[in-house]
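A.B. asks: Just dropping this structure here.
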Ligand code: ATP
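In UniProt numbering, the protein residues as written are 1 to 388.
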């Protein structure tokens, strides 16, 4: 096991593409770190530099305190798991898993012992004599993981290992990966573009965009305290709603209505005036008729017409069109573009709210909606920063 340190690691491809810029991260021994971000943000390039599959243009990579920039991949004692499984089709499961141990010239007995042990952990014992063609996608991915763990490497690097699986299997395999990592306690760096995977798997999540780190933190911390518009919009499903707003006289003026600012926001916004972007997560709205009087004063209310209701069983997603909202969506796009957040998931002309299952709001109803003002985020449109 090992710690992994990336110190101002940069990758410039020969064609001039700056895929990763001054990437700084300290991954502790035994930690499970997720790299997440939209397509092309530099996740795989970062992972490949750690593996030694890509040269590092500048900066330093240290594993276990040793500079490894120029070490060949096979000398880094790291195991990689890919989306494509990369199994040998003509070998059985046992032979696939034994392969790296044969290369390492371990004795027959030792190879058998390690393969049997890994097969047990991954529930592959009954499949050891099968060929990959006769396995399901989930089983193949477990073999790929088995091949990685038999070597007891210093670290695992995983590049979208679950992407080829269907949605249900992906959820099942997520728990397999999570339990496996906890059981083995091996330092793991895991790349995904799926924010749900990122939130549920890792000890810490690194959110990347255009080759740069946007924020690093524990999943809940990123969710509750996103540093900027990009992180706020990227984490959470459905995405945070964004609306343009202005602040004056202790109130926040939005297309949903004028909301009084509480003590917390008033002190934070003492030096802020003019345009802002307000961010509200779907679950921070509620059907106003379900709000208890004891908490009603923490929020404000407004009216809107529901144009779509999706019942999830445990709760409901209710989509509203708010009057004046179309104009404000255009305004929001402009603000987001100014803030360098052009790829911000836009709220469009809809507001999505997560209501309790007890809500009786139906499509076409004009409903009173309560918004929890303790939970709103405000962003400075000039730089996208969260000012709350
Ligand atoms: P995805 O989720 O789509 O796999 P990613 O976040 O893993 O994306 P990378 O594959 O690391 O992104 O690519 C980062 C950037 O580097 C992209 O702009 C990509 O086009 C570019 N890139 C990758 N490989 C090369 C290469 N060999 N030459 C030039 N540019 C490259």
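Beta carbons: idealized from backbone N, C-alpha and C, even for Gly.
All figures in this text were calculated on a predicted structure; none of them were measured in a lab.
1) Output the distance between the C-alpha atoms of residue 211 and residue 19, rounded to the nearest integer angstrom.
2) Quick one: Cα of residue 156 to Cα of residue 4, how far?
3) Does the distance from the CB of residue 285 to the CB of residue 371 come in under 8 Å?
4) Could you pull the start and end residues of the alpha helix (DSSP H) that residue 97 belongs to?
5) With 16 as the cutoff for other CB atoms within 10 Å, does residue 60 come out buried or exposed?
6) Would the stretch 140 to 155 and the stretch 178 to 195 be scored as touching if the rule is three or more Cβ pairs under 8 Å?
7) May I ask you to report which of helix, strand or coil DSSP gives residue 216?
8) Count the other CB atoms, across all protein chains shown, that sit within 10 Å of the CB of residue 342; report buried if there are 16 or more and exposed otherwise.
9) Quick check on this structure: which residue in 297, 357 and 299 has the alpha carbon closest to the alpha carbon of residue 316?
10) Would you kindly work out how many angstroms separate the C-alpha atoms of residue 263 and residue 379, rounded to a whole number?
11) According to DSSP, is residue 50 helix, strand or coil?
12) Should residue 182 be counted as a contact of the ligand ATP given a C-beta to heavy atom distance under 7 Å?
13) Let me know if residue 270 comes out buried or exposed under the rule of 16 or more other beta-carbons within 10 Å of its beta-carbon.
14) Does the ligand ATP have a heavy atom nearer than 7 Å to the CB of residue 41?
15) Report the option in 252, 207, 140 and 161 whose CA atom is closest to the CA atom of residue 40.
16) For the ligand ATP, is there any heavy atom lying closer than 7 Å to the beta carbon of residue 82?
17) So, with DSSP's three-state summary, where would you put residue 382?
18) How is the alpha helix (DSSP H) around residue 169 delimited, first residue to last?
19) With a threshold of 7 Å, establish whether the CB of residue 52 neighbours any heavy atom of the ligand ATP.
20) Would you decide whether residue 250 is buried or exposed? Buried here means 16 or more other CB atoms lie within 10 Å of its CB.
21) Determine, using beta carbons only, whether residue 38 and residue 209 come nearer to each other than 8 Å.
22) Let's test the definition: count the other Cβ atoms within 10 Å of the Cβ of residue 168 and tell me whether it reaches 16, buried, or not, exposed.
23) Between which two residues does the beta strand (DSSP E) holding residue 59 run?
24) Around the Cβ of residue 367, are there at least 16 other Cβ atoms within 10 angstroms (buried) or fewer (exposed)?
25) For a test of your reading of the model: does the CB of residue 58 fall under 7 Å from any non-hydrogen atom of the ligand ATP? Yes or no.
26) How big is the Cα-Cα spacing for residue 231 and residue 132?
27) Does the beta carbon of residue 374 fall short of 7 Å from some heavy atom of the ligand ATP?
28) Does the distance from the CB of residue 151 to the CB of residue 73 come in under 8 Å?
29) Measure how close the beta-carbons of residue 229 and residue 42 come, nearest whole angstrom, since I'm counting them as under 8 Å.
30) Please determine, among 22, 365, 17 and 154, the residue with the shortest C-alpha to C-alpha distance to residue 66.
31) Let's see if you can read the secondary structure: which residues bound the beta strand (DSSP E) around residue 34?
32) If distances are taken between C-alpha atoms only, which option among 130, 268 and 106 comes closest to residue 91?
C.D. replies: Put simply:
1) Counting from one through the chain shown, the residue named residue 211 turns up at place 211. Counting from one through the chain shown, the residue named residue 19 turns up at place 19. Cα to Cα, residue 211 sits roughly 5 Å from residue 19.
2) On the chain shown, residue 156 is found 156 positions in, with the first residue counted as 1. On the chain shown, residue 4 is found 4 positions in, with the first residue counted as 1. Each residue's alpha carbon lies about 11 Å from the other.
3) Your numbering for residue 285 matches position 285 in the chain shown. Your numbering for residue 371 matches position 371 in the chain shown. A contact, by the Cβ cut-off of 8 Å.
4) For the purposes of this step, residue 97 is taken as the residue at position 97 of the chain shown. Taken as a continuous stretch (DSSP letters only), the alpha helix (DSSP H) holding residue 97 covers 93 to 103.
5) Residue mapping note: residue 60 aligns to position 60 of the chain shown, counting from 1. Answer is exposed; the Cβ neighbour count stays below 16.
6) yes
7) The sequence position of residue 216 within the chain shown is 216, counting from 1. Correct three-state label for residue 216: strand.
8) Counting from 1 along the chain shown, the entry for residue 342 is found at position 342. With a pLDDT of 43 at residue 342, under the threshold of 50, the predicted position of this residue should be treated as unreliable, though the coordinate-derived value follows. Result: exposed.
9) The residue given as residue 316 occupies position 316 in the chain shown. The option with the nearest alpha carbon to residue 316 is 357.
10) Here residue 263 is taken as the residue at index 263 of the chain shown, counted from 1. Here residue 379 is taken as the residue at index 379 of the chain shown, counted from 1. Approximately 18 Å between the Cα atoms of the pair.
11) The residue you call residue 50 lines up with position 50 of the chain shown. Reduced to three states, the DSSP call for residue 50 is helix.
12) One-based indexing of the chain shown puts residue 182 at position 182. No, the beta carbon of residue 182 sits no closer than 7 Å to any heavy atom of the ligand ATP.
13) Translated into the one-based positions of the chain shown, residue 270 becomes position 270. It is exposed - the Cβ of residue 270 has fewer than 16 other Cβ atoms within 10 Å.
14) Residue 41 sits at position 41 when you count from the first residue of the chain shown. Yes, the Cβ of residue 41 comes within 7 Å of a heavy atom of the ligand ATP.
15) For this step, residue 40 is matched to residue 40 along the chain shown. When each option's Cα is compared against that of residue 40, the closest is 207.
16) Here residue 82 corresponds to residue number 82 of the chain shown, with the count starting at 1. Result no, Cβ not under 7 Å from the ligand ATP.
17) Locating residue 382 in the chain shown gives position 382, counting from the first residue. Correct three-state label for residue 382: coil.
18) Position 169 of the chain shown, counted from the start, is the residue given in the question as residue 169. From DSSP, the alpha helix (DSSP H) with residue 169 extends over 167 to 184.
19) For the purposes of this step, residue 52 is taken as the residue at position 52 of the chain shown. For the ligand ATP, not one heavy atom lies less than 7 Å from the Cβ of residue 52.
20) Position 250 of the chain shown holds residue 250. Classification of residue 250: exposed, given that the 10 Å Cβ count is below 16.
21) The residue given as residue 38 occupies position 38 in the chain shown. The residue given as residue 209 occupies position 209 in the chain shown. Their beta carbons are under 8 Å apart, which means residue 38 touches residue 209 by this criterion.
22) For the purposes of this step, residue 168 is taken as residue 168 along the chain shown, with counting starting at 1. The residue is exposed, with fewer than 16 neighbouring Cβ atoms inside 10 Å.
23) On the chain shown, position 59 is the one that residue 59 refers to. Looking at the DSSP string, the run of the beta strand (DSSP E) that includes residue 59 is 58 to 63.
24) Residue mapping note: residue 367 aligns to position 367 of the chain shown, counting from 1. Residue 367 is buried by the Cβ-count criterion.
25) The residue labelled residue 58 in the question sits at position 58 within the chain shown. Checking the Cβ of residue 58 against the ligand ATP gives no.
26) As a first step, residue 231 is located in the chain shown; it is residue number 231 there, counting from the start. As a first step, residue 132 is located in the chain shown; it is residue number 132 there, counting from the start. C-alpha separation (whole angstroms): 39 Å.
27) Locating residue 374 in the chain shown gives position 374, counting from the first residue. Every heavy atom of the ligand ATP is 7 Å or more from the Cβ of residue 374, so no.
28) Translated into positions along the chain shown, residue 151 becomes position 151. Translated into positions along the chain shown, residue 73 becomes position 73. No, these two residues do not count as a Cβ contact at 8 Å.
29) Your numbering for residue 229 matches position 229 in the chain shown. Your numbering for residue 42 matches position 42 in the chain shown. Incorrect: roughly 19 Å between the Cβ atoms, too far for contact.
30) Taking the first residue of the chain shown as position 1, residue 66 is located at position 66. Among 22, 365, 17 and 154, the Cα nearest to that of residue 66 is on 154.
31) For the purposes of this step, residue 34 is identified with residue 34 of the chain shown, where counting begins at 1. That run of the beta strand (DSSP E) goes 32 to 36.
32) Sequence index remark: in the chain shown, residue 91 carries index 91 (1-based). Of the listed residues, the one whose Cα sits closest to residue 91 is 130.
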